[in-house]
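Let me begin by presenting the structure, written as structure tokens, before commenting on it.
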């Protein structure tokens, strides 16, 4: 995924997007000397509705990401696991915490869906790694079974404004803490797989091969 910004003298931002079908609206930002070039203010509207939702034999297809980073720059191929931080978001309907996830739609690849949901819910961009796994779980709201796929996402950029900024909070924390507070068992299993990969140095190759957003 590529997002290109062009800044005009009147503060208007022109945005060109490839691969992801978000709705972007141009906005005006104040002409503050020395600050405009650092602004990441964009207006993005989350997808709504389920008319394009994917199903597999009646099971809704759900895709999510575990956004992660290191507290300090990686100086070697294997950063200490203590340096690892993951990003969780609050639930829309409660105080529970989880990793960004949502429906996989028919007009996007599974990696694009993972990237889109992470941007919409957590406001971060980065490199998507190889799939962590697939899980079947019962939806609490509908009482039906969903199939969930999880991916790691090495965060390269954190936005100040994102679609669900006003309905969710995001929080960086240690992986061990995230495992305690995450409300979904299958996401905890995905986190365990990611940690094992990182400890074994497997995710390093994925990070190098993944395309930059």
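Residue numbers (the UniProt record's numbering): 1 to 213. Virtual Cβ for every residue (Gly too), placed ideally from N, Cα, C.
Which ranges does the beta strand (DSSP E) cover as unbroken runs of at least 3 residues, wholly within the UniProt domain "Nudix hydrolase" (58-195), from first to last along the chain?
59-70, 84-90, 101-103, 124-128, 133-138, 145-158, 170-174
What is the DSSP secondary structure of residue 202, reduced to helix, strand or coil?
Along the chain shown, one-based indexing puts residue 202 at 202. If DSSP states are grouped into helix, strand and coil, residue 202 belongs with the helices.
Distance CB(residue 100)-CB(residue 130) smaller than 9 Å
The residue labelled residue 100 in the question sits at position 100 within the chain shown. The residue labelled residue 130 in the question sits at position 130 within the chain shown. Cβ atoms of residue 100 and residue 130: not closer than 9 Å.
With 16 as the cutoff for other CB atoms within 10 Å, does residue 144 come out buried or exposed?
Taking the chain shown and counting its residues from 1, one reaches residue 144 at position 144. So residue 144 ends up on the exposed side.
Quick one: is residue 115 buried, meaning 16 or more other Cβ sit within 10 Å of its Cβ, or exposed?
As a position in the chain shown, residue 115 is number 115, starting the count at 1. By the neighbour-count rule (16 or more Cβ atoms within 10 Å), residue 115 is buried.
Counted within 10 angstroms of its Cβ, other Cβ atoms place residue 181 as buried (16 or more) or exposed:
Translated into positions along the chain shown, residue 181 becomes position 181. Per the 10 Å Cβ criterion, exposed.
What is the C-beta distance between residue 162 and residue 119, in whole angstroms, given that I count them as a contact (C-beta under 8 Å)?
Mapped onto the chain shown, residue 162 falls at position 162. Mapped onto the chain shown, residue 119 falls at position 119. That belief holds up - the Cβ atoms of residue 162 and residue 119 are roughly 6 Å apart, short of 8 Å.
If we call anything under 9 Å between Cβ atoms a contact, is residue 187 one with residue 98?
Along the chain shown, one-based indexing puts residue 187 at 187. Along the chain shown, one-based indexing puts residue 98 at 98. Yes; because the gap between Cβ atoms is below 9 Å, this pair is in contact.
Flag this pair as yes or no: are the beta carbons of residue 127 and residue 87 separated by less than 9 Å?
Locating residue 127 in the chain shown gives position 127, counting from the first residue. Locating residue 87 in the chain shown gives position 87, counting from the first residue. It is not a contact, given that the beta carbons lie outside the stated cut-off.
Going by alpha carbons, who is nearest to residue 159 out of 202, 121, 62?
Here residue 159 refers to the residue found at position 159 when the chain shown is read from its first residue. Among 202, 121, 62, the Cα nearest to that of residue 159 belongs to 121.
How many whole angstroms separate the CB atoms of residue 90 and residue 168, which I take to be in contact at a CB cut-off of 8 Å?
Within the chain shown, numbered from 1, the residue matching residue 90 stands at position 90. Within the chain shown, numbered from 1, the residue matching residue 168 stands at position 168. Between residue 168 and residue 90 the Cβ distance is about 5 Å, and since that is below 8 Å, they are a contact.
Anyone know if the C-beta pair for residue 214 and residue 190 falls short of 9 Å?
Because the chain in this structure spans residues 1 to 213, residue 214 falls outside the shown range and cannot be described.
With distances taken between CB atoms, is the gap from residue 196 to residue 96 smaller than 9 Å?
The residue labelled residue 196 in the question sits at position 196 within the chain shown. The residue labelled residue 96 in the question sits at position 96 within the chain shown. Not a contact, by the Cβ cut-off of 9 Å.
Give the straight-line distance between the Cα atoms of residue 111 and residue 81, rounded to the nearest whole angstrom.
Start at 1 with the first residue of the chain shown, and residue 111 comes out as number 111. Start at 1 with the first residue of the chain shown, and residue 81 comes out as number 81. The straight-line gap from Cα to Cα measures roughly 25 Å.
Based on the DSSP output, what are the partners of residue 51 in its beta bridges?
By 1-based counting over the chain shown, the position of residue 51 is 51. Its beta-bridge partners do not exist; DSSP assigns none.
Please report the distance separating the alpha-carbon of residue 105 from that of residue 140.
Residue numbering aside, residue 105 sits at position 105 when the chain shown is read from its first letter. Residue numbering aside, residue 140 sits at position 140 when the chain shown is read from its first letter. Roughly 21 Å between the two C-alpha positions.
Please return the same chain residues whose Cβ sits closer than 7 Å to the Cβ of residue 52, not counting the five positions on each side in sequence.
Walking along the chain shown from the start, residue 52 turns up at place 52. So the qualifying residues of the chain are 105, 106, 107.
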